[in-house]
Each structure stands twice: as C-alpha cells, then as structure tokens.
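Everything in the sequence shown is counted per the working numbering, starting at 20 for the first residue and increasing by one.
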Amino acid sequence: PCHKTPPDPATEGLRLRAGAAQIPHPRKAKTGGEDSYFICAQGSALGVSDGVGEWGWRFDVNPRGFADELMAGAAQAATHFIGDESMSSQQRAATLLSAGYSSSRCFGSATALVATVNAKGTELGVANLGDSGMRQFRFQSGGRGGGNRVAVVNRTCEQQHLFNCPFQLARLPQAEDFDRLRAEGKEKLVQTMQHVRLSQQDMPHDAELFCFPLKEGDLLLLGTDGLFDNVHDDELCELLSSVVTPLEAGFCLNQGDCEGATETSTCHNFTEPAVIASAIAKAACRRSRERSTRTPFSLHAREAGVYHVGGKMDDITVVAAWSVRTPPPE
C-alpha cells in the first residue's frame, strides 16, 4: 500500500478518458433503441442524444437517424477546435451542437447534450437542449468502508416546455420534400407537416450553456433521461463510492517504494469508464422496472399534478469520463 500524501490534482492540461453503455427499452431491443452518443478520440468532447420515438410508430421514420447525425456532426466539428484558444468552453460547446444540427439530413427530432474541454484543459463547456443531463463528481478519501466520499460538484438542468415535453431539435420535411414522401407512402407525415408552425421550433441557440472548472480525477456522467429519470444523484454517489480514480492509480504508479509496484497490481488499476457506464446503466434499468420506488420521474410527475409511481422504462445511455492529465496516467 501507498502511505505518502498524493500530489494536488492538476487543474490544467486535462482531457477526458471516456467509455459508454447503452440499454434499449425492451420493446426496442432488436433495433438498439433511439439514443445516440459520441466520444471524441482526442479526449476533447462527448455527447448524448435521445431520438423521439413518435417518428417511428407514427410516421415510419427511423427515430435514431437524426440523433445519430447530430452526434456524428458534433464529433466531426470537435476535431477542428482542439487547439483553438479563441473560443470559451461554452462557445465551443454551442458551436459543436450547432454544427451537429447543421450537418443533419434525416428527418426527426431529438434532445441533445454536448460537453467539451477548452484548449487549455482547465474547464468544461456544456450545451444542453432538452432533458438529457450531466453530473460532475469529485472524490475524497475517507468514505464508509474505506471507499471514497463522492459529491456532485456541478450539474446541468433540464429544459421542459411542460412536464415530460422537453425541448427538442428537429429536422422537418419542407414543401419540396412532399412529393417524394408521398411516393414512399408517408402521406400522414406530409399532412402533419402542412400544419406545423415552424416558428415554434427549438433551435441550437435555445440550448442552456454551462461552464464548469475541472480537476484531475473528476468523473463526468452524461446520460439521456432514461438514466436521470430513474436514479437520484445521491444514489449515483453511493454507486460510485468504491471506484478507483486515475489520480489514485497514477500516484501509486509514480511511487518507486510502493509494495507490489507491477502493471497488474490492483493498486495500479483505476476503474475504466466503460465499466462505470455499464454499472450505472444496469442500475438505471433495474430501477426503471420497479413499481413502488420514489424516482426522480415520479417526483417530477407529482409536482406537475400527474400520478406516477415507480420507475420509467426507456432507452438508457450513459457516457462516463475521467478527467485526466495529458498524457493520462498509464
């Protein structure tokens, strides 16, 4: 074991080491669900998006297509701004969200959240439109059972027009698309679009922007509403109390007098983000099936005067990311 005091965590030169997990609604298991996400390979940006299922059952349009294009466009834009110091982190996040929307061609609608690190690696910018969310967790030793004490130090907020009606980006057919859609048998979609008031659309500039300082060892959790409708923040903290952070693992690796200083030693392995994402997604899935637990969704329903007890079954997407110094600990 290591007995020396770990160094202070870095607050600049940080990047994100990320992994993801998805569990579709049981009825959508064959198609993989309607959520999407991206992880930038350079560790500079992440995102999640929740496609609106109505496009599938009502109009026979793939609900995930638009969400996938949103995320792919944002990921592509992220590669262009890695070393650009001219924009704040909030501006970068807003730019990625706008780029994702501009690059989309599929008809559909979706919520979207994009998070990106600034060029200096000191802070995180977030653009959120709708009811997906992000939590930033910070760890301290001294928790129960020898684990960590975990706290949510920053979080995003939902955007709702009214209960269970979140803000959404949409790519809608225009008049020039109607003949083709009719030829494809989508007369119902054409009829609906002829009565849509485009002035009421949510757009990327309607996203709420956030800026959060980063520290080495912070954990970010991005999730669609399938996560945050079912699991409370304090429950997430409890689930995360036993993880090993990269800061802990990196400190051990740098100490030559630590016992058992080998690459395979438990002391030197931090909990991979994909493992965290999978565990959190499974916890949300279990909770979604419960019929008597007080969940975030049931509490929000009560506030809106709607009766709902227990979880809310939905697609679940979780992206977990450690904040690590550049280069990250080995």
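Each residue gets a CB set at the ideal place from its N, CA and C atoms; glycine is no exception.
Since this is a predicted model, take the numbers as computed values, not measurements.
Inset, instruction - Compare the beta carbon distance of threonine 336 and aspartate 87 with 7 angstroms and say whether it is the shorter of the two. - result: The criterion of a C-beta distance shorter than 7 angstroms is not satisfied by threonine 336 and aspartate 87.
Inset, instruction - Can you tell me which of the three DSSP states isoleucine 299 falls into? - result: helix
Inset, instruction - Determine the contact status of aspartate 334 and glycine 245, defining contact as a CB-CB distance below 7 angstroms. - result: yes
Inset, instruction - Within the region 48-77, note down every full alpha helix (DSSP H) run reaching 4 residues or more, in order along the chain. - result: none
Inset, instruction - Kindly identify the DSSP beta-bridge partner or partners of asparagine 173. - result: Gln155
Legend entry - Cβ of alanine 293 within 7 angstroms of any chain D Cβ: Protein chains in the displayed structure number just one, and chain D is not present.
Inset, instruction - Answer yes or no: do aspartate 142 and leucine 233 have a C-beta to C-beta separation smaller than 7 angstroms? - result: Here residue 142 turns out to be glutamate, not aspartate, going by the sequence shown. Contact flag set, yes.
Inset, instruction - Identify whether serine 317 lies in helix, strand or coil by the three-state DSSP scheme. - result: helix
Legend entry - Where cysteine 125 falls: helix, strand or coil (DSSP): coil
Legend entry - Proximity below 7 angstroms, CB of alanine 340 to CB of leucine 35: Yes, they are a contact pair.
Legend entry - Endpoints, the beta strand (DSSP E) within which valine 145 is located: 142-148
Inset, instruction - Have a look at the DSSP bridge pairing and note the partners of alanine 339. - result: DSSP, once it has assigned bridges, lists Gly38, Leu240 as partnering alanine 339.
Legend entry - For arginine 201, the three-state DSSP class (helix, strand or coil): helix
Legend entry - Top-ranked residue by Cα proximity to alanine 293, from Gly84, His327, Glu195, Ala37: Ala37
Inset, instruction - Mind checking who asparagine 167 pairs with in its DSSP beta bridge? - result: Ser160
Inset, instruction - Assign alanine 189 to one of three DSSP states: helix, strand, or coil. - result: strand
Inset, instruction - Decide yes or no for the touch test of the region 290-305 against the region 245-262: beta carbon pairs closer than 8 angstroms, at least 3 of them. - result: Taking 8 angstroms as the limit for Cβ pairs, the verdict is that the region 245-262 does touch the region 290-305.
Inset, instruction - Kindly identify the DSSP beta-bridge partner or partners of valine 136. - result: Leu143
Legend entry - Three-state secondary structure assigned by DSSP to histidine 180: strand
Inset, instruction - Examine the Cβ distances between the region 112-124 and the region 174-185 and report whether three or more of them are shorter than 8 angstroms. - result: no
Inset, instruction - May I ask you to verify whether the region 145-157 touches the region 234-244, counting CB pairs closer than 8 angstroms and requiring at least 3? - result: yes
Legend entry - Sub-7 angstroms separation of alanine 298 and isoleucine 42 beta-carbons: no
Legend entry - Bounding residues of the beta strand (DSSP E) (the contiguous stretch that carries leucine 89): First-last for leucine 89: 82-97, but that is the alpha helix (DSSP H), not the beta strand (DSSP E).
Inset, instruction - Kindly identify the DSSP beta-bridge partner or partners of leucine 246. - result: Looking at the DSSP assignment, leucine 246 forms no beta bridge with any residue, so it has no partner.
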